[in-house]
Structure formats: structure tokens, C-alpha cells
Amino acid sequence: MITVRITPGDRVLTFDRLNTVLQLLNKLGLGMTDALVARDGVLLTPDRKLRRGDELTVRVVVSRG
Amino acid sequence: MKCSRCRDLAEIALPSHHAGFCRPCFLEYFSRQVEKAVRHHRMFGRGDRILVALSGGKDSLALFRELRHQGYDATGLFVDLAIPGSSDAARAVVEGFCASLGAPLLVADMAAEGLPIPLVKAKVKRPICSVCGKVKRHYFNRTALEHGFTVLATGHNLDDEVGRLFSNVLRWDAAYLSDTGPVLPAESGFARKVKPLCRLTEYETAAYCFFRDIPHHVAACPYSGGASFTVRKQLMNGLEKESPGSKQAFYEGFLERARHAFAALEQEKGQVLAPCVECGCPTSAELCGVCRLRRQVGEGGQG
Ligand code: SF4
Ligand SMILES: [Zn+2]
Ligand SMILES: [Zn+2]
Numbered sequence: 580m581i582t583v584r585i586t587p588g589d590r591v592l593t594f595d596r597l598n599t600v601l602q603l604l605n606k607l608g609l610g611m612t613d614a615l616v617a618r619d620g621v622l623l624t625p626d627r628k629l630r631r632g633d634e635l636t637v638r639v640v641v642s643r644g
Numbered sequence: 008m009k010c011s012r013c014r015d016l017a018e019i020a021l022p023s024h025h026a027g028f029c030r031p032c033f034l035e036y037f038s039r040q041v042e043k044a045v046r047h048h049r050m051f052g053r054g055d056r057i058l059v060a061l062s063g064g065k066d067s068l069a070l071f072r073e074l075r076h077q078g079y080d081a082t083g084l085f086v087d088l089a090i091p092g093s094s095d096a097a098r099a100v101v102e103g104f105c106a107s108l109g110a111p112l113l114v115a116d117m118a119a120e121g122l123p124i125p126l127v128k129a130k131v132k133r134p135i136c137s138v139c140g141k142v143k144r145h146y147f148n149r150t151a152l153e154h155g156f157t158v159l160a161t162g163h164n165l166d167d168e169v170g171r172l173f174s175n176v177l178r179w180d181a182a183y184l185s186d187t188g189p190v191l192p193a194e195s196g197f198a199r200k201v202k203p204l205c206r207l208t209e210y211e212t213a214a215y216c217f218f219r220d221i222p223h224h225v226a227a228c229p230y231s232g233g234a235s236f237t238v239r240k241q242l243m244n245g246l247e248k249e250s251p252g253s254k255q256a257f258y259e260g261f262l263e264r265a266r267h268a269f270a271a272l273e274q275e276k277g278q279v280l281a282p283c284v285e286c287g288c289p290t291s292a293e294l295c296g297v298c299r300l301r302r303q304v305g306e307g308g309q310g
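Going down the list, the protein sequences come from chains Y and W.
To convert, take the position in the first sequence, counting from 1, and add 579; that gives this note's numbering.
To convert, take the position in the second sequence, counting from 1, and add 7; that gives this note's numbering.
Rendered as C-alpha cells:
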């Protein structure tokens with residue numbers, strides 16, 4: 580299982596199967612440059628593979644206006 | 008993905024530039040983009056005293072951090088709007104951040120000026136954000152002039168600029184189009200205004216804040232409509248996805264090939280400005296808009 584914390588808003592979602600960061604962004608309806616995806620304080624590019632047990636943070640960057 | 012510069016593992020992909028960067032190379036890239044904007048648009052030099060408007064949001068903090076990092080003489084300015092639940096939080100972020108950089112900070116306090124925004128909102132019928140924006144711009148400019156700063160810098164990024172340009176084009180708003188751009192030259196009574204992040208996107212600024220550990224989340228203003236993807240932004244982002252680089256091209260193309268036409272148009276029917284009798288800021292009336300507003304809001308004082 581992969582745990583994803585989404586900010587702002589602090590929602591937590593879990594996913595059973597996710598292979599890449601790109602898949603995660605697609606599932607969340609986000610484009611490649613709409614959010615920063617981090618694992619252990621390091622940013623992950625969309626091609627990076629995810630692993631079972633990963634805890635990720637997604638910081639949505641698009642602001643109002 | 009590998010870093011386009013050093014072949015290390017990339018932390019960030021930038022489709023608009025067909026590039027990816029590791030952390031140190033991205034920070035280098037970010038600095039270069041700021042340098043390029045400053046140089047290309049002749050924003051300021053080493054001799055200038057720069058006042059940076061800090062809202063507490065990520066963009067202005069990132070700009071301030073980077074200008075200090077590049078060794079510029081930059082001072083922060085926070086306009087405390089006295090909005091419950093947001094101004095105090097924003098002020099704490101800004102004060103903490105400036106202290107951590109050992110950087111000077113000026114604060115313009117709207118409660119002390121008789122213009123706390125909640126009171127303004129109660130007394131004025133116009134949409135509060137347009138009035139509030141006017142008050143902020145007034146104090147940015149006034150503080151810059153009163154304290155002898157030669158340049159006033161704001162954290163507007165490429166997405167802000169493209170969004171504004173796009174909506175002004177849709178309305179063919181000649182007055183706004185004439186002063187769209189990363190530099191507004193100093194005029195009598197107005198400090199020069201610059202936007203050194205105009206080559207960097209919201210995404211790039213956010214990544215910079217992540218890498219630099221800049222605080223990124225401040226309580227939103229209760230009067231804002233809340234975060235939303237606007238249709239305009241979706242359109243521009245869709246276009247950017249289809250053809251990477253189109254935002255930048257749209258913006259730079261306007262600056263190079265169209266802006267002067269609108270500027271000429273505005274110059275023809277330009278108004279004559281004279282100093283406000285009360286505060287000295289330039290205005291087309293006797294009393295400037297903000298001084299009129301202060302009277303309207305009334306006895307307010309420490310309100
Ligand atoms: S959202 Fe709040 S702070 Fe921003 S312009 Fe509107 S009233 Fe002012
Ligand atoms: Zn690198
Ligand atoms: Zn005035």
C-alpha cells in the first residue's frame with residue numbers, strides 16, 4: 580500500500596497499486612507541473628517508480644487567480 | 008530521469024525547457040533565470056536599494072531569498088491589513104523569515120493608518136479585493152518613496168503575468184495592456200516597479216521553496232474566494248502541455264511586439280498627475296484615492 584498526503588488541505592489517500600509518479604498524478608487529475616511529489620524530503624520526477632510502503636507528499640502548487 | 012546538466016538523478020522535470028534538474032543544478036537554473044530577467048529588462052543594478060513586497064506567500068519570500076542570496080541590497084515590506092485570521096499569521100511568517108535571513112523588514116500597519124481592511128469592507132460597497140489591492144499598492148509605493156528606495160519588487164511569476172495578460176487581451180483592455188510587463192519605469196511620484204520572477208512558473212517557484220525550506224502555507228484571507236483552477240488557467244496550462252514554451256512565448260511576444268502600441272495609445276489620452284494634497288502620492292484628483300478612502304472610512308484612527 581502507498582500512502583499519499585495531499586497539501587494544502589491535508590487529505591490522506593491510500594493506493595493499493597501504483598507504479599509511477601505519473602500514474603499517481605493522473606489518478607489525482609493533476610498535470611506534471613501542477614504539484615510537487617516528495618518522498619523522504621526528495622522530489623520525484625514523473626518517471627520515478629513507486630514502491631509498496633512508500634509515504635508520499637503531494638504539494639499542489641497552482642494557486643488561486 | 009537524469010539531470011540535463013550533470014547527469015545525476017533529477018529531482019524536477021521541466022517540460023517547457025525539455026530539461027530535468029538535480030537539486031543543485033535547479034537552484035543554479037533558478038538564479039540564472041532571475042539574473043536573465045533582471046539584465047534583459049534592465050530592472051536594477053548593484054547600486055539600487057530594492058524594496059521587496061512580502062505577502063507571506065511563497066513567491067514573494069522566494070524572490071526575497073534569491074535577491075539577498077545574489078547579494079542585492081534588498082529590504083522586505085509587509086503591509087499588515089489587519090484581517091482577522093490571516094494578517095497575524097502572514098506577519099509572523101514574514102517576520103520569522105526575515106529574521107532567519109538577518110534581513111531588514113519594514114511594516115506598514117493599516118490599523119494604525121486608519122484603514123484596517125475589515126472596517127474598509129464594512130464601509131465601502133465596491134468589491135473588497137479591488138479596494139484592498141489599491142491600498143496595498145499605495146503603501147508599497149509610498150513606503151518606497153518615503154524611505155528612498157529606487158526600486159519596488161514584487162513576486163509575480165510567469166503564470167501570474169500570463170494570466171493577467173490573457174484576461175486583458177480577452178477584454179482588449181488598453182489601459183491595463185499598456186502597463187503589463189515586468190518593469191514599470193519610475194515616473195514622478197512612482198517608484199520603478201519590477202517583477203524579477205517573470206521568467207519562472209508557479210511550479211518552479213514552488214520547487215525553489217521546497218528546496219530552500221521556505222514556509223509555504225499561510226492561512227488564506229477569509230475574503231478570497233478560495234483556491235480554484237480558473238478556466239483561464241486551465242486553458243493556458245492545456246496550451247502549455249500541447250506545446251511546451253507557449254506561455255513564455257505569448258508573454259515575451261507581447262512585450263516585444265505589442266505592448267508599445269498600447270502604451271502609445273494610453274500616452275495620447277494620459278491624465279495629468281499632481282501630488283495628493285494630503286500624502287503627496289501622485290493623483291489625478293486633489294486628494295488621492297487612498298486618502299479619500301481614509302476619510303470615507305471615517306474617524307477610524309486605531310480602529
Ligand atoms: S483576498 Fe484578502 S488580502 Fe487579498 S486582495 Fe482580497 S481582501 Fe485583500
Ligand atoms: Zn545536476
Ligand atoms: Zn493621498
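Every residue, glycine too, gets a C-beta built ideally from N, C-alpha and C.
beta-carbon residue i near ligand 2 non-hydrogen atom, thresh 8 Å
i: Phe28/W; result: yes
i: Cys10/W; result: yes
i: Arg627/Y; result: no
i: Arg49/W; result: no
i: Arg14/W; result: yes
i: Cys216/W; result: no
i: Leu32/W; result: The question names Leu, but residue 32/W in the sequence shown is Cys. Yes; taking the cut-off as 8 Å, the Cβ of Cys32/W has a heavy atom of ligand 2 nearer than that.
Buried or exposed (CB count within 10 angstroms, at least 16 for buried), residue i
i: Gly27/W; result: buried
i: His154/W; result: exposed
i: Glu120/W; result: buried
i: Met580/Y; result: exposed
i: Cys205/W; result: buried
i: Ala69/W; result: buried
i: Pro123/W; result: buried
i: Leu172/W; result: buried
i: Val138/W; result: buried
i: Ser94/W; result: buried
i: Lys606/Y; result: exposed
i: Arg46/W; result: exposed
i: His25/W; result: exposed
i: Ala234/W; result: Model confidence at Ala234/W stands at a pLDDT of 48, short of 50, so the residue's coordinates are unreliable; what they give is reported in the following sentence. Per the 10 Å Cβ criterion, exposed.
i: Leu603/Y; result: buried
i: Cys314/W; result: Lying outside 8 to 310, the shown extent of chain W, residue 314/W is not represented and no answer is given.
i: Glu247/W; result: buried
Beta-carbon proximity check, residue i vs residue j, cutoff 9 Å
i: Ser185/W; j: Arg266/W; result: yes
i: Arg178/W; j: Leu34/W; result: no
i: Leu622/Y; j: Arg30/W; result: yes
i: Val158/W; j: Ala198/W; result: yes
i: Val127/W; j: Leu300/W; result: yes
i: Leu88/W; j: Val59/W; result: no
i: Thr582/Y; j: Leu635/Y; result: yes
i: Val101/W; j: Leu207/W; result: no
i: Leu108/W; j: Arg56/W; result: no
i: Thr212/W; j: Val640/Y; result: yes
Residue i beta carbon near ligand 3 (any heavy atom closer than 8 Å)
i: Glu285/W; result: yes
i: Val297/W; result: yes
i: Leu294/W; result: yes
i: Thr290/W; result: yes
Residue i - partner residues in DSSP beta bridges
i: Leu122/W; result: Leu122/W pairs with nothing; no bridge assigned.
i: Asp87/W; result: Asp116/W
i: Ile581/Y; result: Phe594/Y
i: Thr332/W; result: Nothing in the structure corresponds to residue 332/W, since chain W is present only between 8 and 310.
i: Gly140/W; result: DSSP lists no partner for Gly140/W.
i: Glu194/W; result: Phe197/W
i: Pro134/W; result: Answer is none; Pro134/W lacks a bridge partner.
i: Phe28/W; result: Ile19/W
i: Arg631/Y; result: Looking at the DSSP assignment, Arg631/Y forms no beta bridge with any residue, so it has no partner.
i: Glu203/W; result: Note that residue 203/W is Pro in the sequence shown, not Glu. Paired residue(s): none; Pro203/W is not in a bridge.
i: Asp80/W; result: Arg56/W
i: Pro282/W; result: Pro289/W
i: Leu159/W; result: Leu58/W and Lys200/W
Pick from the options that is closest to residue i, judged by C-alpha positions
i: Ala181/W; options: Asn164/W, Gln274/W and Tyr79/W; result: Gln274/W
i: Thr161/W; options: Ala129/W, Lys200/W, Ser291/W and Arg149/W; result: Lys200/W
i: Asn164/W; options: Lys130/W, Lys202/W, Tyr146/W and Ala193/W; result: Lys202/W
i: Pro189/W; options: Glu259/W, Arg14/W and Ser67/W; result: Glu259/W
i: Phe594/Y; options: Thr624/Y, Leu629/Y, Asp619/Y and Val639/Y; result: Leu629/Y
i: Pro22/W; options: Val641/Y, Pro625/Y and Val639/Y; result: Pro625/Y
i: Val5/W; options: Ala226/W, Cys136/W, Pro91/W and Arg239/W; result: In the structure as shown, chain W starts at 8 and stops at 310, and residue 5/W therefore has no counterpart that could be examined.
i: Gly63/W; options: Cys105/W, Ile19/W, Cys13/W and Lys248/W; result: Cys105/W
i: Glu209/W; options: Arg144/W, Phe37/W and Met8/W; result: Phe37/W
Distance cut-off 8 Å: residue i Cβ against heavy atoms of ligand 1
i: Lys132/W; result: no
i: Ser38/W; result: no
i: Gly140/W; result: yes
i: Tyr230/W; result: yes
i: Leu88/W; result: yes
i: Lys65/W; result: no
- [ ] Give the residues from the region 613-624 of chain Y that approach chain B closer than 8 Å (Cβ to any Cβ), ordered along the chain.
- [x] The displayed structure is made up of protein chains Y and W, and chain B is not among them.
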